[in-house]
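In my numbering, the protein residues as written are 234 to 595. Cβ atoms here follow ideal geometry from the backbone N, Cα and C, with glycine treated the same way. Keep in mind it's a predicted model, so treat the numbers as computed, not measured. What follows is a short report on a single structure.
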Ligand SMILES: Nc1ncnc2c1ncn2[C@@H]1O[C@H](COP(=O)(O)OP(=O)(O)OP(=O)(O)O)[C@@H](O)[C@H]1O
Ligand SMILES: [Mg+2]
């Protein structure tokens, strides 16, 4: 797992904890963030994402632990001295200033010269494609436009780290997708380190260099998007990032090529490595899109379709199996071998490399 960044670490969080009475908002977080990395903090509501971001920004004081920036201890450094750019959920532009005024504000605070400010404001407006809107007031802009300005304002003073807390969550789906591409582009162009908070798994998968999964103030797993998706270490991660089926199984045998699992009255092979012994009781996670569905007899297991849901490019089916229970299957509509109909008898199966053994989970 890529618990360490690919590039040199710029920001380091060590043993960070924050308590609100009995609530452990952060509960011992260790994290290295790489130079120029796009790192996403992903987790359900209340998992500690904003608390961690605010602690990094310096607005929330840690109860335990420390932060360092390029080796320098910044745990007690006030937010303005950290010089990080910030973009929050729901734009928060200054309503009484024009677009240009908003972008110039952090530069005035930092006592830039008027000429330099003017040039930089122009540059930033171009960066987010808002040149034509320099003299508008925030109230005259759409949500997406306001968020672009907020981004330009956060980048105006050339911070080395940009902290973003659900910056796109107030936007509709289409606009959100457009801005995701733009943000990614901007990140590539600028080489600034992005620490990005979201609870949207698709956003996390599509934008990040690495993803940190948080729950109850703890890091459950860190890795590349494809690592987390294909090799989740826990049921929580397998379920939170995408959908999974879970099969209770016992390890019947195995070697380095894989394990023979007995579960739901069936035997099947999981070829991926796992830290388990023979006789261990485990759960096997199985992505719905890895399950093939066909006419009876063509695949290993038998079932009956209980529910279908047509989604355009894909079709979801719930197939009832006597031992596994309800199995969610996600099949590409254009190449599904059967017509999905409730009550239809089908067979289903998967490749040996499809399952993931979740060690220590039953
Ligand atoms: N100022 C505060 N006082 C008391 N409890 C707080 C405070 N700030 C956060 N918490 C609690 O700490 C926990 C983590 O909150 P946090 O805002 O970091 O979650 P989050 O992951 O950002 O959630 P969301 O996705 O809803 O924004 C929650 O249980 C929250 O209620
Ligand atoms: Mg939050």
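Got a sec? Which residues, its chain only, sit under 6 Å from residue i by beta carbon, not counting five neighbours each side?
| i | result |
| --- | --- |
| residue 404 | 376, 377 |
| residue 381 | 361, 363 |
| residue 438 | 458 |
| residue 524 | 562, 581, 583 |
| residue 578 | 529, 537 |
| residue 188 | Residue 188 is absent from the structure shown; the chain starts at 234 and stops at 595. |
Measuring straight from C-alpha to C-alpha, what distance separates residue i and residue j?
| i | j | result |
| --- | --- | --- |
| residue 320 | residue 425 | 14 Å |
| residue 506 | residue 491 | 6 Å |
| residue 217 | residue 446 | Given a span of 234 to 595 for the chain in the structure shown, any question on residue 217 remains unanswerable. |
| residue 355 | residue 369 | 14 Å |
| residue 253 | residue 448 | 16 Å |
| residue 267 | residue 236 | 11 Å |
| residue 313 | residue 373 | 30 Å |
| residue 462 | residue 351 | 45 Å |
| residue 246 | residue 526 | 46 Å |
| residue 575 | residue 494 | 29 Å |
| residue 441 | residue 271 | 5 Å |
| residue 504 | residue 532 | 18 Å |
| residue 581 | residue 472 | 21 Å |
| residue 529 | residue 499 | 16 Å |
| residue 256 | residue 592 | 28 Å |
| residue 346 | residue 367 | 19 Å |
| residue 261 | residue 502 | 37 Å |
| residue 277 | residue 485 | 35 Å |
| residue 198 | residue 545 | Nothing in the structure corresponds to residue 198, since the chain is present only between 234 and 595. |
| residue 289 | residue 543 | 43 Å |
| residue 483 | residue 512 | 6 Å |
| residue 470 | residue 452 | 11 Å |
Given that a residue counts as buried once 16 or more other Cβ atoms are within 10 Å of its Cβ, and exposed if not, what is residue i?
| i | result |
| --- | --- |
| residue 359 | exposed |
| residue 454 | buried |
| residue 570 | exposed |
| residue 327 | exposed |
| residue 401 | buried |
| residue 379 | buried |
| residue 536 | buried |
| residue 311 | exposed |
Starting from residue i, trace the alpha helix (DSSP H) both ways and give me its first and last residue.
| i | result |
| --- | --- |
| residue 434 | 434-440 |
| residue 322 | That residue, residue 322, is in no alpha helix (DSSP H); it is neither H nor E in DSSP. |
| residue 472 | 468-473 |
| residue 419 | 406-423 |
| residue 577 | Element bounds for residue 577: n/a, residue is neither H nor E. |
| residue 384 | 376-388 |
Cβ of residue i less than 7 Å from any chain D Cβ?
| i | result |
| --- | --- |
| residue 361 | The chain labelled as chain D is not found in the depicted structure, where only one protein chain is given. |
At what residues does the beta strand (DSSP E) containing residue i begin and finish?
| i | result |
| --- | --- |
| residue 394 | 394-398 |
| residue 458 | Residue 458 -> not in any beta strand (DSSP E); alpha helix (DSSP H) instead, spanning 458-463. |
| residue 564 | 558-565 |
| residue 591 | 589-591 |
| residue 366 | Looking at the DSSP string, residue 366 is not in any beta strand (DSSP E), and its letter there is neither H nor E. |
| residue 428 | 426-431 |
| residue 446 | 443-448 |
Excluding the five sequence neighbours on either side, which residues of its own chain have a C-beta within less than 8 Å of the C-beta of residue i, listed in chain order?
| i | result |
| --- | --- |
| residue 395 | 317, 318, 319, 320, 387, 388, 425, 426, 427, 428 |
| residue 283 | 398, 430 |
| residue 556 | 496, 497, 498, 499 |
| residue 474 | 275, 434, 437, 438, 444, 446, 461, 462, 465 |
| residue 242 | 265, 266, 267, 268 |
| residue 296 | 250, 251, 252 |
Who are the near neighbours of residue i in its chain, counting only those whose CB is closer than 7 Å to its CB and skipping five residues on each side?
| i | result |
| --- | --- |
| residue 281 | 258, 259, 447, 450 |
| residue 263 | 246, 247, 248 |
| residue 559 | 539, 551, 553 |
| residue 547 | 563, 564, 565, 566 |
Which runs of the beta strand (DSSP E) spanning at least 3 residues fall entirely within the segment 480-548, listed in chain order? 491-496, 499-503, 514-519, 525-527, 534-543
4-residue-minimum alpha helix (DSSP H) runs that sit fully inside the segment 323-360, ordered along the chain: 332-342, 347-360
Could you tell me which whole beta strand (DSSP E) segments of length 3 or greater appear in the segment 241-324? Here the runs fully enclosed are 242-253, 256-267, 271-275, 297-302, 318-320.
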